[in-house]
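The structure appears right after this line, and notes come after that.
Protein chains in written order, with the numbering used here: chain A, 1 to 114; chain B, 1 to 111.
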């Protein structure tokens with residue numbers, strides 16, 4: 001049981017480039033989310049999904065796209081990278097019930113945009 | 001505007017003593033609250049949670065207290081151990097998919 005996996009671990013992009021951050025979970029969780037962590041800001045929600053085919057925006061969605069074609073995978077796309085998107089990105093999943101709403105996080109992707 | 005605030009960026013405690021980490025929130029609709037622990041270069045890991053129907057939840061050395069009228073959450077660690085040294089985040093939400101996180105408190109437990 002690998003839990004939540006993220007690839008790549010590190011990435012350097014030039015301004016204007018696009019890329020996809022991969023996230024997968026093997027716990028059959030319906031809920032998946034993407035966060036970014038910046039110094040002094042905690043984690044901020046980018047996009048989330050409550051099941052395959054259903055996604056919605058979080059606090060800071062601009063410049064990012066998501067899709068959820070399977071329960072297991074939830075990729076995050078940067079359309080045209082900007083230096084303001086330099087951050088550490090975390091993917092998380094949860095069962096999303098009143099008895100079990102804690103999120104399981106991946107190890108993160110550290111992204112630098114130059 | 002941050003809906004969840006951790007006003008202490010750091011806390012230093014002697015091993016064996018109590019650590020108290022605090023968290024304030026502004027949205028009275030929040031009814032699920034969690035604490036996560038994070039080590040450098042790793043993702044956050046779940047520690048303990050509480051829903052708004054309770055005011056206290058215990059799990060071993062960790063206890064979370066919720067004061068709804070004050071919109072205040074706290075995490076007590078007793079006794080503190082050096083392995084507890086990490087960054088602690090509180091999170092709050094009113095459904096199961098949209099949680100707001102505080103900025104974190106770095107706890108240092110001195111041997």
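Every residue, glycine too, gets a C-beta built ideally from N, C-alpha and C.
Asked, Found
"For the region 68 to 80 of chain B and the region 17 to 32 of chain B, state whether three or more C-beta atom pairs, one from each stretch, are separated by less than 8 Å.", "yes"
"Can you pull the chain B neighbours of residue 27(A), defined as C-beta to C-beta under 8 Å?", "Within 8 Å Cβ-Cβ: nothing; residue 27(A) doesn't reach chain B, min ~13 Å."
"Between the Cα of residue 81(A) and the Cα atoms of 10(A), 14(A) and 6(A), which residue gives the shortest distance?", "14(A)"
"Taking 8 Å as the threshold (beta carbon to beta carbon), is residue 71(A) in contact with chain B?", "no"
"Along chain A, which residues have their Cβ under 9 Å away from the Cβ of residue 42(B)?", "105, 107 and 108"
"Distance cutoff 8 Å, beta carbons only. Does residue 39(B) sit that close to anything in chain A?", "no"
"By how many angstroms is the C-alpha of residue 17(B) removed from the C-alpha of residue 109(B)?", "9 Å"
"Run through chain A and tell me which residues come within less than 7 Å of residue 30(B), C-beta to C-beta.", "Those within 7 Å of residue 30(B) in chain A number zero; the least Cβ separation is about 12 Å."
"Once the 5 residues before and after residue 28(A) are set aside, which same chain residues still bring their CB inside 7 Å of it?", "71"
"Pick out whichever of 61(A), 106(A) and 30(A) has its Cα sitting closest to the Cα of residue 54(A).", "30(A)"
"Under the three-state reduction of DSSP, which class applies to residue 1(B): helix, strand or coil?", "coil"
"Who are the Cβ neighbours of residue 75(A) in its own chain at under 6 Å, not counting the five residues just before and after it?", "20 and 22"
"Measuring CA to CA, which of 5(A), 4(A), 9(A) and 1(A) is closest to residue 111(A)?", "9(A)"
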